[in-house]
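Right, one structure below, let's go through it.
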Amino acid sequence: MSHQVKICAGTSTIALGERIASSYGLNLAHVNILRFSDGEFQPSFEETVRGADVFIIQSTPPPADNLMELLQM
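What the sequence shown shows, in our numbering, is residues 4 to 76, in sequence order.
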């Protein structure tokens with residue numbers, strides 16, 4: 004039984020995520036980052052990831068938003 008693989012990237016590593024996905028013959032999964040006026044944000048997947056093996060590419064150095072974005076995905 005083969006699992007579907009999804010590769011997605013945070014906003015700080017989109018170019019790297021695209022290169023990694025391309026090297027595996029995949030398209031980068033679409034993630035929508037909704038940003039609110041108070042600085043908060045809400046990431047959500049634009050496609051189902053249920054049952055898939057999901058790999059999230061994201062750097063975690065400052066600003067702290069990078070780490071929070073990764074944790075919320």
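In this text, a Cβ means the ideal position worked out from N, Cα and C, and glycines have one as well.
So, helix, strand or coil for Gln75, using DSSP? Counting from 1 along the sequence shown, the entry for residue 75 is found at position 72. If DSSP states are grouped into helix, strand and coil, Gln75 belongs with the helices.
For the 8 Å Cβ check, are there 3 or more pairs between the stretch 18-34 and the stretch 49-58? The answer is yes - the stretch 49-58 touches the stretch 18-34, with three or more Cβ pairs under 8 Å.
Rounded to a whole number of angstroms, what is the C-alpha to C-alpha distance between Phe44 and Arg38? Indexing the sequence shown from 1 puts residue 44 at position 41. Indexing the sequence shown from 1 puts residue 38 at position 35. Looking at the two C-alpha atoms, the distance is approximately 4 Å.
Per DSSP, what kind of secondary structure is Asn30 in: helix, strand or coil? The count along the sequence shown starts at 1 and reaches residue 30 at position 27. When DSSP states are grouped into helix, strand and coil, Asn30 belongs to the coil group.
First and last residue of the beta strand (DSSP E) that includes Ser47? Along the sequence shown, one-based indexing puts residue 47 at 44. Unbroken beta strand (DSSP E) run through Ser47: 44-48.
Straight-line gap, Leu29 to Val8 (C-alpha atoms, nearest Å): Counting from one through the sequence shown, the residue named residue 29 turns up at place 26. Counting from one through the sequence shown, the residue named residue 8 turns up at place 5. Leu29 and Val8: Cα-Cα distance of roughly 8 Å.
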